[in-house]
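Written out as structure tokens, the structure reads:
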């Protein structure tokens, strides 16, 4: 169970995120609302971010990317000084990245879902789903999903004695990389 102060922090942080409130404006809330219930209890944005990362049980990392979102400077691209696609420089004159983003690993997110009893129950939907012949009402009515449910899992060329999605805790993830915009303005896509 979360403490009341943590719940209040998460609510105000949700408001900050939803309305694109700057860290500087967030830091002024106690000054602007001195008589509020949370007055004096609200941490500065930097401390709030650390507390939320602690509560979430995972920490966001920052990765450098092209100013036009053409690529991330990781892996084979890690040593590049400019984007091979648009030719834009990676850094400013003082060697600061021109653009960064915060990918969040999926594993801690899935763990967090299963640590929440309500979400654990909701995630059983896939396992409990019963398809209706000739009717497409959900992604789980799809041909690919149905075929996978009949296929044995193979690990390192060794067939296992179970099929895909046979356990109620199995997760079916969908992933799309065509035209999503990971940055605030949504003007650039990956």
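Residue numbers (the numbering used here): 28 to 217. Cβ coordinates follow ideal geometry from the N, Cα and C atoms, glycine included. The structure displayed is predicted, hence computed values, not measured ones.
- Between the C-alpha atoms of residue 191 and residue 179 there is a straight-line separation of about 6 Å.
- A residue is called buried once 16 or more other Cβ atoms fall within 10 Å of its Cβ, and residue 91 is buried on that count.
- Per DSSP, residue 144 is not a residue of any beta strand (DSSP E); the alpha helix (DSSP H) it occupies stretches across 144-149.
- Contact between residue 88 and residue 129 holds, since their C-beta atoms are separated by about 7 Å, short of 8 Å.
- Of all C-beta pairs linking the segment 37-47 to the segment 68-82, three or more are shorter than 8 Å, placing the two stretches in contact.
- Each of 165, 135 and 121 was checked against the Cα of residue 84, and the nearest Cα belongs to 135.
- Within its own chain, the residues whose Cβ lies closer than 8 Å to the Cβ of residue 140, once the five positions on either side in sequence are excluded, are 146, 147 and 150, listed in chain order.
- Annotation for residue 73: the continuous alpha helix (DSSP H) segment containing it runs 72-83.
- It is roughly 18 Å from the alpha-carbon of residue 200 to the alpha-carbon of residue 142.
- Secondary structure in the segment 104-186: the alpha helix (DSSP H) runs of 4 residues or longer, each lying completely within the stretch, are 133-142, 144-149, 152-155 and 170-176 in chain order.
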